[in-house]
Amino acid sequence: MESAGNDRRGAALGGLAVLPDELLCAIVDLLQPTDIGRLACVSSVMYILCNEEPLWMSKYLFVGGHFEYKGSWKKTTLSRLNLCSEKSELEQKARHFDGFNSLYLYRRWYRCFTTLSSYSFDNGHVERKDDLSLDHFRSQYDGKGPVLLGKLAESWPARTKWSMQQLVHDYGEVTFRISQRSPKKIIMKLKDYVSYMELQHDEDPLYIFDDKFGESAPALLEDYRVPHLFQEDLFDVLDYEQRPAFRWFIIGPERSGASWHVDPGLTSAWNTLLCGRKRWALYPPGRVPGGVTVHVSAEDGDVDIDTPTSFAVVA
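Its first residue numbered 28, the sequence shown is counted upward by one per residue in the numbering used here.
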């Protein structure tokens with residue numbers, strides 16, 4: 028029997044108590060969902076570790092497929108694997124255990140529930156320009172550095188038609204591709220994604236990142252036009268089927284987005300923000316952010332990056 032005193036961790040984990048919580052969570056993540064359920068019955072601390080939402084998010088993303096969020100990652104995963112019924116009440120009442128604390132779990136929980144409104148942001152150091160001519164853009168910025176361009180999307184129908192409510196009304200049944208760290212393909216109906224977006228409290232939320240939106244929802248292509256600075260299409264020499272990805276439709280809640288990375292396609296791209304805020308941080312060539320490890324293949328120069336989530340770098 029484990030003690031309910033101030034050292035619940037030692038009593039509940041036994042010899043495993045020498046391992047840090049981060050390593051314990053990584054080990055539990057290697058188990059199958061059915062084995063995680065059995066492990067949760069071993070002790071109170073194992074129950075805590077086996078019911079962490081990031082764990083069950085990882086389990087679901089490993090499975091992949093069509094995604095419909097059930098209000099928690101545990102229920103979503105077990106439903107996807109047919110290990111519980113739709114009406115199952117997996118979490119009738121939260122359990123509380125005295126004598127246990129974990130700085131690792133607390134920091135992760137904090138990153139899941141923090142809001143960006145509590146952060147102070149400056150305006151950055153990227154130049155802002157309106158009404159640039161094509162010659163000026165090419166001579167001063169193209170291939171030389173980033174620039175923020177104003178007044179290029181003011182006449183787009185998307186500025187009014189791409190509200191969340193209107194998008195769900197028009198495209199709620201359309202499936203879109205979801206970006207996440209697992210190599211498994213995840214797709215969702217837009218209405219299901221918006222439901223997930225409103226309910227979730229993930230450190231690294233899923234977000235729509237779909238390069239095939241023009242095929243699945245062609246009417247979206249009528250709601251914007253390529254700015255005059257980017258009309259030249261070098262992919263035009265290729266057959267359409269041979270083109271690499273060249274346009275993306277992106278929707279995500281706060282905390283979502285890509286962490287540090289090198290663009291896998293070395294894309295030269297423009298990006299327009301229609302709602303909310305998007306924070307960019309750019310490092311010059313040859314400089315690596317703290318906490319990030321870069322591996323470059325000696326054979327083909329392919330770049331592989333190990334990076335924590337965006338908030339884990341600062342939290």
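Each residue gets a CB set at the ideal place from its N, CA and C atoms; glycine is no exception.
Since this is a predicted model, take the numbers as computed values, not measurements.
With a threshold of 16 other CB atoms inside 10 Å of the CB of Ser71, please say whether the residue is buried or exposed. The count along the sequence shown starts at 1 and reaches residue 71 at position 44. By the 10 Å Cβ count, Ser71 comes out buried.
Output the distance between the C-alpha atoms of Arg204 and Lys120, rounded to the nearest integer angstrom. Residue numbering aside, residue 204 sits at position 177 when the sequence shown is read from its first letter. Residue numbering aside, residue 120 sits at position 93 when the sequence shown is read from its first letter. One C-alpha to the other measures close to 34 angstroms.
Can you tell me whether Ser30 is buried or exposed? The criterion is at least 16 other CB atoms within 10 Å of its CB, across all chains shown. What you label residue 30 is simply residue 3 of the sequence shown in a count that begins at 1. Residue confidence is low: Ser30 scores 47 on pLDDT, short of 50, so the model does not pin down where it sits. No coordinate-derived value is stated.
So the alpha helix (DSSP H) Thr299 belongs to, where does it begin and stop? Within the sequence shown, numbered from 1, the residue matching residue 299 stands at position 272. Premise fails: Thr299 is in no alpha helix (DSSP H) and is neither H nor E.
Here's a check: name, in chain order, each residue in its chain whose Cβ is nearer than 6 angstroms to the Cβ of Val289, leaving out the five neighbours to either side. As a working mapping, residue 289 is identified with position 262 in the sequence shown. Answer for Val289: Val330, listed in chain order.
Tell me, which residues are paired with Thr142 by DSSP? As a working note, residue 142 is residue 115 in the sequence shown. In the DSSP output, where bridge partners are listed per residue, Thr142 has none listed.
Nearest to Arg252 by CA position, among Ser182, Thr141, Ser144 and Asp327, is which residue? On the sequence shown, position 225 is the one that residue 252 refers to. The shortest Cα separation from Arg252 among Ser182, Thr141, Ser144 and Asp327 belongs to Ser182.
Where Ile278 and Asp34 are concerned, what is the direct C-alpha to C-alpha distance, given to the nearest angstrom? Position 251 of the sequence shown, counted from the start, is the residue given in the question as residue 278. Position 7 of the sequence shown, counted from the start, is the residue given in the question as residue 34. When rounded, the distance between both Cα atoms is 45 angstroms.
Enumerate in chain order the residues of its own chain whose CB-to-CB distance from Leu256 is below 8 angstroms, with the five nearest sequence positions on each side excluded. Working through the sequence shown from its first residue, we reach residue 256 at position 229. Excluding sequence positions up to five before and after Leu256, its CB lies within less than 8 angstroms of the CB of Leu159, Leu161, Phe164, Leu176, Leu179 and Trp297, all in the same chain and listed in chain order.
Pairs of beta-carbons, one from the segment 187-196 and one from the segment 167-176, closer than 8 angstroms: are there three or more? no
In whole angstroms, what is the alpha-carbon distance linking Val153 and Gln269? The sequence position of residue 153 within the sequence shown is 126, counting from 1. The sequence position of residue 269 within the sequence shown is 242, counting from 1. If you take the alpha carbons of Val153 and Gln269, they lie about 34 angstroms apart.
Go ahead and label Leu233 buried or exposed: buried means 16 or more other beta carbons lie within 10 angstroms of its beta carbon, across all protein chains shown. Translated into the one-based positions of the sequence shown, residue 233 becomes position 206. So Leu233 ends up on the buried side.
Rounded distance between the beta-carbons of Glu49 and Cys139, thought under 8 angstroms: The sequence position of residue 139 within the sequence shown is 112, counting from 1. The sequence position of residue 49 within the sequence shown is 22, counting from 1. Cys139 to Glu49, Cβ: 16 angstroms. No contact.
Here's the rule I'm using: 16 or more other beta-carbon atoms within 10 Å means buried, otherwise exposed. How should Asp237 be labelled? Against the sequence shown, residue 237 aligns to sequence position 210. That one is buried.
Opposing strand residues paired with Thr61 [DSSP bridges]: For the purposes of this step, residue 61 is taken as the residue at position 34 of the sequence shown. Looking at the DSSP assignment, Thr61 forms no beta bridge with any residue, so it has no partner.
Rounded C-beta distance between Pro312 and Gly292? I'm assuming under 8 angstroms. Within the sequence shown, numbered from 1, the residue matching residue 312 stands at position 285. Within the sequence shown, numbered from 1, the residue matching residue 292 stands at position 265. Contact flag wrong, Cβ pair sits at about 17 angstroms.
Secondary structure at Val221, three-state DSSP: helix, strand or coil? Here residue 221 refers to the residue found at position 194 of the sequence shown. Looking at Val221 - three-state DSSP - the assignment turns out to be helix.
If you draw a straight line from the C-alpha of Arg274 to the C-alpha of Cys77, how long is it? Within the sequence shown, the letter at position 247 stands for residue 274. Within the sequence shown, the letter at position 50 stands for residue 77. Between Arg274 and Cys77, the C-alpha separation is close to 40 angstroms.
When the Cα atoms are used, what is the spatial distance from Gln227 to Ser283? The residue you call residue 227 lines up with position 200 of the sequence shown. The residue you call residue 283 lines up with position 256 of the sequence shown. Rounded to whole angstroms, Gln227 to Ser283 spans 11 angstroms at the Cα level.
Beta carbon of Arg107 nearer than 8 angstroms to that of Tyr87: Residue numbering aside, residue 107 sits at position 80 when the sequence shown is read from its first letter. Residue numbering aside, residue 87 sits at position 60 when the sequence shown is read from its first letter. Their beta carbons are under 8 angstroms apart, which means Arg107 touches Tyr87 by this criterion.
Could you please give me the residues that DSSP links to Val356 through a beta bridge? Nothing about residue 356 can be reported from this structure: the residues present for the chain run from 28 to 342 only.
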